[in-house]
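Top line first, the protein sequences correspond to chains E and W. For the first sequence, the working numbering begins at 1 and goes up steadily by one. For the second sequence, the working numbering begins at 115 and goes up steadily by one.
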Amino acid sequence: AQTVTQSQPEMSVQEAETVTLSCTYDTSENNYYLFWYKQPPSRQMILVIRQEAYKQQNATENRFSVNFQKAAKSFSLKISDSQLGDTAMYFCAFMTLGQGNLIFGKGTKLSVKP
Amino acid sequence: KAGVTQTPRYLIKTRGQQVTLSCSPISGHRSVSWYQQTPGQGLQFLFEYFSETQRNKGNFPGRFSGRQFSNSRSEMNVSTLELGDSALYLCASRPGGPDETQYFGPGTRLLVL
C-alpha cells in the first residue's frame with residue numbers, strides 16, 4: 001500500500017524568506033503523480049503544484065518549486081519569497097496513474113510571519 | 115469555467131439520521147472523488163465515480179454510499195449517522211484522460227450531535 005509522510009507538523013518562516021516542506025512516499029508503482037495542495041483557514045483545498053513521475057524535470061509554478069527525487073521517493077516543496085497569504089496547511093499527495101484516489105500526508109502547518 | 119460546487123456547505127444532524135451531500139464538478143469533468151477530512155484521521159478517500167460507475171472505493175463501512183448522474187453531478191449518502199461521521203466532506207473532480215489533477219470544492223461541514 002502506498003503511504004505519504006510529512007515529517008514536519010508545523011513550520012514558520014519570515015515574510016520574503018524561503019522555506020522548504022518535506023514529503024516522502026512509499027510505492028511499488030512506476031507511473032504516478034505527486035501533488036502539493038494548500039488548505040488555508042477557509043478550508044478550500046487549492047492545487048499548488050503537480051509532478052508526473054515520468055518527468056525528470058522538477059515542476060515550477062511561479063514562487064513554488066519542487067525537488068523530486070524518484071529513487072529516494074522524496075518530493076519537497078520550496079516556497080520562495082514567502083507571503084502572508086501562503087499561511088495554510090500544506091498537503092503532499094500521491095496518486096497512481098488512472099486511479100481516482102489521492103493518498104494524502106498528514107500535512108504541514110505553515111505560518112508566514114510579518 | 116466555474117469551479118467545483120458542493121451543497122450544502124454546513125449541515126447539522128443527529129445520530130441515527132441520514133444525510134445526502136451533493137457535488138457538481140467542473141464542466142466537462144467526468145470523474146468525481148469524495149474525501150472525508152477529520153482532525154484525527156486526516157484526509158481519507160471514500161470513493162470515485164467515473165461516467166456513472168464507481169471505479170474505486172476506500173475503506174469505509176457500507177453506510178457510506180454514492181452515485182453519479184449522467185451530467186456527472188454526484189451525491190454521497192451516509193445512513194445511520196454516528197458521532198464519528200462529523201467531518202469536512204470534500205469532493206474533487208478531474209477531466210479523466212491524461213490530466214490526472216483533481217480540483218476540489220469548498221466542502222460540506224457535517225456536524226453530528
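Beta carbons are placed, not taken as given, at the ideal position from N, Cα and C, and that holds for glycine. In this text the structure is predicted, and so the values were computed from the model without any measurement.
- Collapsing the DSSP output to three states places E:Asp-26 in a strand.
- For W:Gln-120, the uninterrupted beta strand (DSSP E) segment begins and ends at 119-121.
- Only Tyr-33, Phe-35, Tyr-37, Ser-42, Arg-43, Gln-44, Met-45, Ile-46, Leu-47 from the segment 31-47 of chain E bring a Cβ to less than 8 Å from some Cβ of chain W.
- A residue is called buried when at least 16 other Cβ atoms come within 10 angstroms of its Cβ; W:Tyr-163 meets this threshold and is buried.
- Exclusion of the five residues before and after E:Pro-114 leaves Glu-15 as the residues of its chain whose Cβ lies within less than 6 Å of its Cβ.
- Taking CB atoms only, E:Gln-99 has a neighbour in chain W less than 8 Å away.
- Close CB contacts of W:Asn-170 within its chain, under the 7 Å cut and outside five residues either way in sequence, are with Phe-161, Glu-162 (chain order).
- Neighbours of E:Arg-63 in chain W, taken as residues whose beta carbon is under 7 Å from its own, are absent, since the nearest beta carbon is some 19 Å off.
- Only residues of its own chain outside the window of five on either side were considered, and among them Thr-24, Tyr-25, Asp-26, Thr-27 have a CB closer than 8 Å to the CB of E:Lys-73, listed in chain order.
- Burial check for W:Phe-218: the Cβ neighbour count within 10 Å reaches 16 or more, so the residue is buried.
- Nearest neighbour of W:Tyr-124 by Cα position, chosen from W:Gly-117, W:Trp-148, W:Gly-180, W:Val-133, turns out to be W:Val-133.
- Looking from the CA of W:Phe-178, the closest CA among W:Trp-148, W:Lys-115, W:Val-192, W:Gly-130 belongs to W:Val-192.
- In this structure, the beta-carbon distance from E:Phe-64 to W:Leu-157 does not fall below 8 Å.
- Between E:Glu-61 and E:Ile-49, the C-beta gap is smaller than 8 Å, which places the two residues in contact.
- Cβ contact annotation for E:Leu-77 (same chain, cutoff 6 Å, sequence separation greater than five): Leu-21, Trp-36, Val-66, in chain order.
- The residue from E:Val-112, E:Glu-52, E:Pro-41 with its alpha-carbon nearest to that of E:Gln-83 is E:Val-112.
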